[in-house]
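Heads up: the structure comes next, in structure tokens.
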Amino acid sequence: MSRIRIVKGKITEIIGGDLRYFSEGDIVEIAAETYSEKSAGKILYGDNPEAAPVAEIDILADAIVHFRPKRNWKGNDYGMDWMRIDDTGLFGDVKYSELVGTYDKYPSSDESAVFTASSSLYNGLKKEYSNPIYKIPWLKEDNNPLDYFATWLCVEKNKEVTLSLKINIKDKKNLPKELLIEYDNQLCEISTSQGKGTENITLDPLSQKHYAKIEIKKSKEYKLVDEVKIKVLADIETTETIKVL
1 MSRIRIVKGK ITEIIGGDLR YFSEGDIVEI AAETYSEKSA GKILYGDNPE AAPVAEIDIL
61 ADAIVHFRPK RNWKGNDYGM DWMRIDDTGL FGDVKYSELV GTYDKYPSSD ESAVFTASSS
121 LYNGLKKEYS NPIYKIPWLK EDNNPLDYFA TWLCVEKNKE VTLSLKINIK DKKNLPKELL
181 IEYDNQLCEI STSQGKGTEN ITLDPLSQKH YAKIEIKKSK EYKLVDEVKI KVLADIETTE
241 TIKVL
């Protein structure tokens, strides 16, 4: 994404705190006459720039749905990647926040090597999964809002796969009327225990999307194991998104 700003007059910026610019490429400043910088303290230049901070966005939804693999999934029938938070009971599902770090010596297989988890390395990993980072303000751990990361799914054409769901409800006394999986019916078919997805003229008058219902339980947190079946109908050449409404 690019941005061009053309100003025929002056640009004046007055900042009460810090002013920082981050760029993953070049920053070019050109002046037809004088280019002036003044500081009450110091002006510092260096060749070791800081990494740009990751933007954070609060999710306003009252229900959160995580797509997870089916029961006893071993990765041989479809590909799935998600930020591990130890919520499936599957082999290898250990919190990434506890696995990302460094050893004090090489090789790390040395029994005396000591592992130290690194929050900075973990934050870098989070940026690879999602940028911006989405926060769930009402779902907290140690009084900090939890992150939400979309799950990535890779499925062969004409193959049907089974997924599980993990669902969090903000207030079980004020349950949502319904939860719907929205998808492009030209690309895939989706069904749940509530039935096969169908068109919904209210949500999509052009009928380009279909919607499959998700069971709602009177609980703040619950799992629907092996709940979703997805069959891919066409070759998908770009990243497509399945939404929950």
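Using full-length UniProt numbering, you'd call the opening residue of the sequence shown number 1 and step up by one each time.
From the three backbone atoms N, C-alpha and C, an ideal C-beta is built for every residue, glycine too.
Here the structure is a predicted model, which means the values were calculated and not measured.
- For the segment 68 to 102, the full-length alpha helix (DSSP H) segments reaching 4 residues or more read 96 to 99 along the chain.
- Per DSSP, the unbroken alpha helix (DSSP H) holding E128 starts and ends at 119 to 129.
- Where A212 is concerned, the enclosing beta strand (DSSP E) starts and stops at 209 to 214.
- For I230, the beta-bridge partners assigned by DSSP are V161, I190.
- The Cβ atoms of E182 and Y222 do not sit closer than 7 Å to each other.
- Beta-bridge analysis with DSSP links E29 to no other residue.
- K172 carries a helical assignment under DSSP once its states are collapsed to helix, strand and coil.
- In this structure, L179 sits away from A61, with a CB-CB distance that is not shorter than 7 Å.
- Under the three-state reduction of DSSP, V155 is assigned to coil, being neither helix nor strand.
- For the pair M83 and T198, the Cα-to-Cα distance works out to about 30 Å.
- For D184, the enclosing beta strand (DSSP E) stretches over residues 179 to 184.
- Only buried fits R68, as 16 or more other CB atoms lie within 10 angstroms of its CB.
- With a contact defined as Cβ atoms closer than 8 Å, Y78 and L153 qualify at about 7 Å.
- The Cβ neighbour count for E240, taken over all protein chains shown within 10 Å, is under 16; the residue is labelled exposed.
- Between L175 and I216 a beta carbon distance of about 6 Å is seen, short of the 8 Å cut, so the two are scored as contacting.
- Cβ contact annotation for I85 (same chain, cutoff 7 Å, sequence separation greater than five): K95, in chain order.
- When A117, I4, I133 are compared, the shortest CA-CA separation from V54 is found for I133.
- DSSP places L146 in the uninterrupted beta strand (DSSP E) bounded by 144 to 148.
- Contact annotation: E160 and K70 have beta-carbon atoms that are not nearer than 7 Å.
- Sequence-distant partners of K220 (beyond 5 residues in either direction) whose C-beta falls short of 7 Å from its own C-beta, in its chain, are N168, I169, K172.
- Annotation: the continuous beta strand (DSSP E) that includes K140 extends over 133 to 141.
- If you ignore the 5 residues before and after T151, its C-beta comes within less than 6 Å of the C-beta of F67, W82, all in its own chain and listed in chain order.
- Residue state for E56 is assigned as strand, using DSSP reduced to three classes.
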